[in-house]
Structures are given as C-alpha cells and as structure tokens.
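Report on the following structure.
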Amino acid sequence: MVRRGPGAARRAAAFLISALTLVATAGCSFLPGGGGSQAQQVERNTLRIGVLPAVDVAPLRLALNNKLFENAGLQIDLVSESSEADGLRQLDAGTLDVAFASNVTLFKNAAAGQALQLQAEAYQAGTNTMALVTLPNSDYTDPSARPAPRIAVDSDPGVGTLTTRSVLSTVGIDTTKIRFTQMPFGDMTDALKNGSVDAAWMVEPYITKAQKQLGAKILTDTARGATLNFPMSSYATSRKFADANPRTLQLFRSVLGQAQQMAANHLLVQDVLHQYVDVDIPTAALVSVGVYPTSLNPVRLQRVADMMETAGMLTTRLDVQQLMPPGTTT
Numbered sequence: 550m551v552r553r554g555p556g557a558a559r560r561a562a563a564f565l566i567s568a569l570t571l572v573a574t575a576g577c578s579f580l581p582g583g584g585g586s587q588a589q590q591v592e593r594n595t596l597r598i599g600v601l602p603a604v605d606v607a608p609l610r611l612a613l614n615n616k617l618f619e620n621a622g623l624q625i626d627l628v629s630e631s632s633e634a635d636g637l638r639q640l641d642a643g644t645l646d647v648a649f650a651s652n653v654t655l656f657k658n659a660a661a662g663q664a665l666q667l668q669a670e671a672y673q674a675g676t677n678t679m680a681l682v683t684l685p686n687s688d689y690t691d692p693s694a695r696p697a698p699r700i701a702v703d704s705d706p707g708v709g710t711l712t713t714r715s716v717l718s719t720v721g722i723d724t725t726k727i728r729f730t731q732m733p734f735g736d737m738t739d740a741l742k743n744g745s746v747d748a749a750w751m752v753e754p755y756i757t758k759a760q761k762q763l764g765a766k767i768l769t770d771t772a773r774g775a776t777l778n779f780p781m782s783s784y785a786t787s788r789k790f791a792d793a794n795p796r797t798l799q800l801f802r803s804v805l806g807q808a809q810q811m812a813a814n815h816l817l818v819q820d821v822l823h824q825y826v827d828v829d830i831p832t833a834a835l836v837s838v839g840v841y842p843t844s845l846n847p848v849r850l851q852r853v854a855d856m857m858e859t860a861g862m863l864t865t866r867l868d869v870q871q872l873m874p875p876g877t878t879t
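Using this note's numbering, read the sequence shown as starting at 550 and increasing by one per residue.
Here you go:
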C-alpha cells in the first residue's frame, strides 16, 4: 500500500470540497445554462482587477483556478498594483476597472474627494492574522512595558497604525508617544534584528515566515478588543465605471461571493497562497487565515470609518452607506 503524506491528503480533501462547491453552484441563475440570462445582459464581459500579493485576495485566485468567472461569462484579468495608491489612481485613469485596497486607504481617498463605489469586502482579520511581532531574544515581552515603543508599519497612517494604537491604548500606553517607522513588510525582520524598531506590525504570511525563519514571537494580536474581526480590505471601482456597468458588477459580486464561500475552507486558501505570494508550500500550510465576507455590510464597514475619525485619520464622519452600490443594505 502506498502511504501518502498529510500534505497530499490535505490537498486531496481541498480538491474534493472545491469540486463539490462547483457542483452546488452550477445551477445558479447568474451562470450561463443555469436558467438565467444575466450573462447576456451585462454591459461588458471583461474586467481588469488590480491586486496585491496578499492573503486577502485568495478567493479571486480560487475563482480563476475553478473557472467560476469563465463559467459566468466574465473574463478576469488580474493586474499587479505597485501599491494601493497606484491601484486607486488607475481607477481614475481608466486602466483598471476594479482595485483592491485596505479599507483605511479606500476611506481616506473617499474622504479626500475620490468618487469611489465599493463592490465587495475582501477580508476580515482573524486570530493572529495581524500582530505586533518581536524577535525571540527581545526583552519587549509585555505590550505595556515600553511607554514610547518604536513600531514598524507598512504605511503611516494605515491599518497598522490604527490597530496598534487601539490595542496599545487598552494597556495604558499614551498612543501619541508611539513612534512609527514606515517600511515594506519584507524589510521588517532586518529592522528587528538591527534594533531600529522594538516591534513590527505584520500580517500573514509575514508573521508565519518570521516565526519559522527567526523564531519570532507575537507580542500581541492586534485583532482584539475594538479591532476584533477588523474589516481589513475591499474591492472598489470609480463611481463613473459603476454607473456605466451595474449589471457587470452585480455579476462580479455574485461570482466573487461564491469564491469567498469556498475560502471559508482555509485549506483551500493555504493551498493557493504559494501560487502568488512569496511563500513555500510548507509555510503556507501554517498561515493563519481570517474571514472572507460574502456580502457588503455597511454597518460593519462604518466601524472602520468611525475608528479612523476617532483616531484623527478623518476630519469628519464618513457615511460608508454613500459608497455602496444602490440597494445595498445591512
């Protein structure tokens, strides 16, 4: 008898679940041959979607691998964004139809006057999917131990600064004294090693890579308390594009929702990560995975905008409902 390793068994199980999901959704009225005419009514059948190499976008890869968009009559071209700001600039330039970005970035741009419409939520944080990380020999072992910690973040202001302030404030730290240093995630381990920062705010898979390669430890999960299940990111279009292509975007949201449901099986997410993120298969199998919402929820997203206003990242309250497609409710 041939013995198969746990990785093979896990991938086989993931393939079986994927196949069952496709069978279950084959009759959806949005899909050609499923009893509906949505595919023939869309304004266009091609969408250019900007993405970053993030765990957040795994359902898009699952959808493409399983031909969910193709079966619905949509051709999806994934375009690498050099940054979130680049993706949002390309929306206005018309070189992207849909862009991926953190909700913090999207709401900052919307408050600054960019005419955006949200199309789908991408990701919510789960346990240890974003965290303050230190090296194993660090004497920074308690979040309350340093009154003015030096923290590496990928953007300032951004999700890292917002959630770090929230979590450290609960242990008595004066958040105005936190010293943030902006750098790419890939540079953070070097900054920890050379002592230029006390801790680094990381997301997956960088947390797992640092743990595996350096024995790094989590000082504190930053998805806790007020930031528990924090809505991390979304997909958006320009308002002009949304107004011109409502049926196309409705179909996009429907198919993406199916893929987000598939991603509830974290084995599928872990199996697809190595295809587009700089992580090997064994490391990907250890990555902590959050939640992939299957629909837009303005109440959930308003929570982010309100936290941003409280933190001074927005000067006035942003009404997230105004960024929703017509008819979107809680």
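Positions of the beta carbon are idealized from the N, C-alpha and C atoms, including for glycine. Nothing here was measured: the structure is a model prediction, and the numbers come from that model.
Boundaries (first-last residue) of the beta strand (DSSP E) holding residue i
i	result
residue 780	780–787
residue 625	624–629
residue 599	595–600
residue 645	First-last for residue 645: undefined, no H or E at that position.
residue 667	665–673
Minimum C-alpha distance to residue i - residue among the options
i	options	result
residue 591	868, 872, 818, 792	792
residue 758	610, 826, 867, 601	826
residue 697	669, 729, 874, 673	729
residue 654	608, 632, 611, 688	632
residue 648	657, 596, 624, 660	596
residue 839	799, 809, 657	809
residue 872	676, 662, 765	662
residue 829	768, 761, 651, 671	761
residue 740	766, 818, 700	700
residue 777	686, 718, 675, 735	675
residue 807	671, 650, 874	671
residue 736	722, 756, 657	756
residue 692	769, 605, 874, 831	769
residue 869	763, 635, 659	659
residue 695	748, 765, 611	748
Inter-residue CB distance, residue i and residue j (contact presumed, cutoff 8 Å)
i	j	result
residue 853	residue 780	5 Å
residue 857	residue 617	Not confirmed; about 33 Å, so no contact.
residue 901	residue 877	With the chain covering 550 to 879 only, the question about residue 901 has no answer from this structure.
residue 788	residue 665	6 Å
residue 754	residue 836	5 Å
Bounding residues of the alpha helix (DSSP H) (the contiguous stretch that carries residue i)
i	result
residue 715	708–718
residue 807	795–811
residue 830	830–833
residue 847	847–859
residue 742	737–742
residue 614	607–614
residue 870	First-last for residue 870: undefined, no H or E at that position.
residue 815	815–822
residue 537	With the chain covering only 550 through 879, there is no way to say anything about residue 537.
Residue j beta carbon less than 8 Å from that of residue i
i	j	result
residue 771	residue 863	no
residue 746	residue 679	no
residue 667	residue 783	yes
residue 786	residue 640	yes
residue 774	residue 708	no
residue 607	residue 812	yes
residue 842	residue 673	yes
residue 822	residue 742	no
residue 834	residue 714	no
residue 623	residue 801	yes
residue 645	residue 627	no
residue 954	residue 798	Beyond the ends of the chain as shown, which are 550 and 879, falls residue 954; an answer cannot be given.
residue 642	residue 805	no
residue 763	residue 738	yes
Strand pairing of residue i, partner residues [DSSP]
i	result
residue 728	699
residue 530	Look at the range of the chain in this structure, 550 to 879, and you will see that residue 530 is not part of it.
residue 531	Residue numbering for the chain in the displayed model covers 550 to 879; residue 531 lies beyond these limits and cannot be assessed.
residue 840	673
residue 650	783
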